[in-house]
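*Asks:* Numbering (our numbering), first residue to last: 2 to 305. Beta carbons: idealized from backbone N, C-alpha and C, even for Gly.
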């Protein structure tokens, strides 16, 4: 099978991960159990997941002119990702994400966009020759919305599959400018935020998802954590069953799911089969600590 090609128009972050027995209350100082630095950002995470599984990946992203930015470039290169469209933004910090992980594996995250806020439609246009060769293009919301709207419209005109993961959720997202998007992949909370509709039951979720489809989005994949996911189209709903594992660290599991979904789509799988495989890949990621370092290669995943 030929190697699928994936473009990622998105963010990168340096994860600053603190492992703690509990979160401090306001005004309290406590001792945490461990600390680790890693590579993150939703765009970079999804790119690395796809690349580790064997896709040929190109990223359009922005880094600061600092040591974190240089580390990001080396990390992309180490994962075989094309860095020809990584832009260094002068006098800006790279994006960082302080993450706090509790013993259950649950996490709390702060995001400082830094240079990611500079990603522009013009940068997407500059990368157009590379993106035109892609089987699928991935986007998220840690970059300016205009870059995403521009990418969706351009890719739709070229017949390229697009996937938008609307995280972190923003009520400012203009759904009317997502017409032509192939796959919209929110979790249930993001779906509620973006539609203003309830998502407490399966029927609610389906109604809210079809509200988006009626506005020109192709298909909606709603992730539900431990309850798996739902693939919603105009006339069908499919349950993507969860894979039961003992969680160690859930950081980056959503990105493992989206990145691997894109990989399997680019390989030629149908959406349903790709989502079932992606659910398994995401489950594998939460059995290990860290974000990108928890993502398995294709060979490692075959043994999971």
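Out of curiosity, what's the CA-to-CA distance linking residue 26 and residue 17?
*Replies:* Stepping through the chain shown from its first residue, residue 26 is reached at position 25. Stepping through the chain shown from its first residue, residue 17 is reached at position 16. Computed Cα separation, rounded: 20 Å.
*Asks:* Do you know how far the Cα of residue 302 is from the Cα of residue 263?
*Replies:* Here residue 263 refers to the residue found at position 262 of the chain shown. Here residue 302 refers to the residue found at position 301 of the chain shown. If you take the alpha carbons of residue 263 and residue 302, they lie about 16 Å apart.
*Asks:* Using beta-carbon positions only, say whether residue 256 and residue 46 come within less than 7 Å of one another.
*Replies:* Within the chain shown, numbered from 1, the residue matching residue 256 stands at position 255. Within the chain shown, numbered from 1, the residue matching residue 46 stands at position 45. Yes.
*Asks:* Using 7 Å as the threshold, is the C-beta distance between residue 14 and residue 96 below it?
*Replies:* Taking the chain shown and counting its residues from 1, one reaches residue 14 at position 13. Taking the chain shown and counting its residues from 1, one reaches residue 96 at position 95. Yes.
*Asks:* Can you give me the C-alpha to C-alpha distance between residue 189 and residue 33, rounded to a whole angstrom?
*Replies:* For the purposes of this step, residue 189 is identified with residue 188 of the chain shown, where counting begins at 1. For the purposes of this step, residue 33 is identified with residue 32 of the chain shown, where counting begins at 1. Taking the straight line from one Cα to the other gives about 31 Å.
*Asks:* Hey, out of 298, 172, 87, 184, whose CA is closest to residue 272's CA?
*Replies:* For the purposes of this step, residue 272 is taken as residue 271 along the chain shown, with counting starting at 1. The residue with the shortest Cα to Cα distance from residue 272 is 184.
*Asks:* Count the other CB atoms within 10 Å of the CB of residue 83; is the residue buried (16 or more) or exposed (fewer)?
*Replies:* As a position in the chain shown, residue 83 is number 82, starting the count at 1. Looking at its Cβ environment, which holds 16 or more other Cβ atoms inside 10 Å, residue 83 is buried.
*Asks:* From residue 170 to residue 31, what does the alpha carbon distance come to, in whole angstroms?
*Replies:* For the purposes of this step, residue 170 is taken as residue 169 along the chain shown, with counting starting at 1. For the purposes of this step, residue 31 is taken as residue 30 along the chain shown, with counting starting at 1. If I take the Cα positions, the gap works out to 30 Å.
*Asks:* Can you tell which of 207, 260, 248, 259 has the C-alpha that lies nearest to the C-alpha of residue 235?
*Replies:* If you number the chain shown from 1, residue 235 lands on position 234. Closest option to residue 235, Cα to Cα, is 207.
*Asks:* Assuming contact is defined by CB atoms lying nearer than 7 Å, are residue 58 and residue 48 in contact in what I supplied?
*Replies:* What you label residue 58 is simply residue 57 of the chain shown in a count that begins at 1. What you label residue 48 is simply residue 47 of the chain shown in a count that begins at 1. Against a cut-off of 7 Å, the Cβ pair of residue 48 and residue 58 comes out as a contact.
*Asks:* Let's test the definition: count the other Cβ atoms within 10 Å of the Cβ of residue 23 and tell me whether it reaches 16, buried, or not, exposed.
*Replies:* The sequence position of residue 23 within the chain shown is 22, counting from 1. By the neighbour-count rule (16 or more Cβ atoms within 10 Å), residue 23 is not buried but exposed.
*Asks:* Three-state secondary structure (DSSP) at residue 166?
*Replies:* The residue labelled residue 166 in the question sits at position 165 within the chain shown. DSSP, read as helix, strand or coil, puts residue 166 in strand.
*Asks:* Beta carbon of residue 298, beta carbon of residue 39: below 7 Å?
*Replies:* For the purposes of this step, residue 298 is taken as the residue at position 297 of the chain shown. For the purposes of this step, residue 39 is taken as the residue at position 38 of the chain shown. No, Cβ-Cβ distance for residue 298 and residue 39 is not below 7 Å.
*Asks:* Excluding sequence positions up to five away, which residues of its chain have a Cβ less than 7 Å from the Cβ of residue 104?
*Replies:* The residue labelled residue 104 in the question sits at position 103 within the chain shown. Here residue 104 has 22 as same chain residues with Cβ atoms under 7 Å from its own Cβ, once five neighbours each way along the sequence are excluded.
*Asks:* Nearest to residue 160 by alpha carbon, out of 135, 287, 260?
*Replies:* Along the chain shown, read from residue 1 onward, the residue named residue 160 stands at position 159. Answer by Cα proximity: 135.
*Asks:* Taking only the alpha-carbon atoms, compute the straight-line gap between residue 2 and residue 268 and give it to the nearest angstrom.
*Replies:* Reading the chain shown from its first residue, position 1 is the one you call residue 2. Reading the chain shown from its first residue, position 267 is the one you call residue 268. For residue 2, the pLDDT reaches just 47, beneath the cut-off of 50, and the residue's location in the model is therefore unreliable, although a value from the coordinates is still provided. Roughly 7 Å between the two C-alpha positions.
*Asks:* If you draw a straight line from the C-alpha of residue 194 to the C-alpha of residue 149, how long is it?
*Replies:* Residue 194 sits at position 193 when you count from the first residue of the chain shown. Residue 149 sits at position 148 when you count from the first residue of the chain shown. Computed Cα separation, rounded: 18 Å.
*Asks:* Going by the beta-carbon positions, is the gap between residue 108 and residue 143 smaller than 7 Å?
*Replies:* Counting from 1 along the chain shown, the entry for residue 108 is found at position 107. Counting from 1 along the chain shown, the entry for residue 143 is found at position 142. A distance of 7 Å or more separates the beta carbons of residue 108 and residue 143.
*Asks:* Can you name, in chain order, every residue of its own chain whose Cβ lies under 8 Å from the Cβ of residue 86, other than the five neighbours on each side?
*Replies:* In the chain shown, residue 86 corresponds to position 85, counting from 1. Residues of the same chain with a CB within less than 8 Å of the CB of residue 86, apart from the 5 flanking positions on each side, are 59, 60, 61, 62, 124, 127, 128, 131 in chain order.
*Asks:* Out of 71, 73, 101, point me to the one whose CA is closest to residue 290's CA.
*Replies:* Residue mapping note: residue 290 aligns to position 289 of the chain shown, counting from 1. Of the listed residues, the one whose Cα sits closest to residue 290 is 101.
*Asks:* How would you write the range of the alpha helix (DSSP H) that residue 111 sits in, first residue to last?
*Replies:* Stepping through the chain shown from its first residue, residue 111 is reached at position 110. For residue 111, there is no enclosing alpha helix (DSSP H), as DSSP marks it with neither H nor E.
*Asks:* Using the C-alpha atoms, what's the distance from residue 166 back to residue 211?
*Replies:* In the chain shown, residue 211 corresponds to position 210, counting from 1. In the chain shown, residue 166 corresponds to position 165, counting from 1. So the alpha carbons of these two residues sit roughly 17 Å apart.
*Asks:* What I want to know is whether the C-beta of residue 175 ends up closer than 6 Å to one or more non-hydrogen atoms of the ligand GTP.
*Replies:* In the structure shown, the ligand GTP is absent, as is every other ligand, since no ligand is present at all.
*Asks:* Who are the near neighbours of residue 221 in its chain, counting only those whose CB is closer than 7 Å to its CB and skipping five residues on each side?
*Replies:* Along the chain shown, read from residue 1 onward, the residue named residue 221 stands at position 220. Excluding positions up to five away in sequence, the list reads 185, 210, 213, 214, 233.
*Asks:* Which term fits residue 226, buried or exposed, when burial requires 16 or more other beta carbons within 10 angstroms of its beta carbon?
*Replies:* As a first step, residue 226 must be located in the chain shown, where it is residue number 225. By the 10 Å Cβ count, residue 226 comes out exposed.
*Asks:* What does the alpha-carbon distance come out to for the pair residue 70 and residue 112?
*Replies:* The sequence position of residue 70 within the chain shown is 69, counting from 1. The sequence position of residue 112 within the chain shown is 111, counting from 1. Taking the straight line from one Cα to the other gives about 16 Å.
*Asks:* Which residue marks the beginning of the alpha helix (DSSP H) containing residue 260, and which one marks its end?
*Replies:* Locating residue 260 in the chain shown gives position 259, where the first residue counts as 1. Per DSSP, residue 260 belongs to the alpha helix (DSSP H) from 254-268.
*Asks:* Taking residue 137 as the reference, which of 265, 173, 177 has the closest Cα?
*Replies:* Translated into positions along the chain shown, residue 137 becomes position 136. If we check each option's Cα against that of residue 137, 265 comes out closest.
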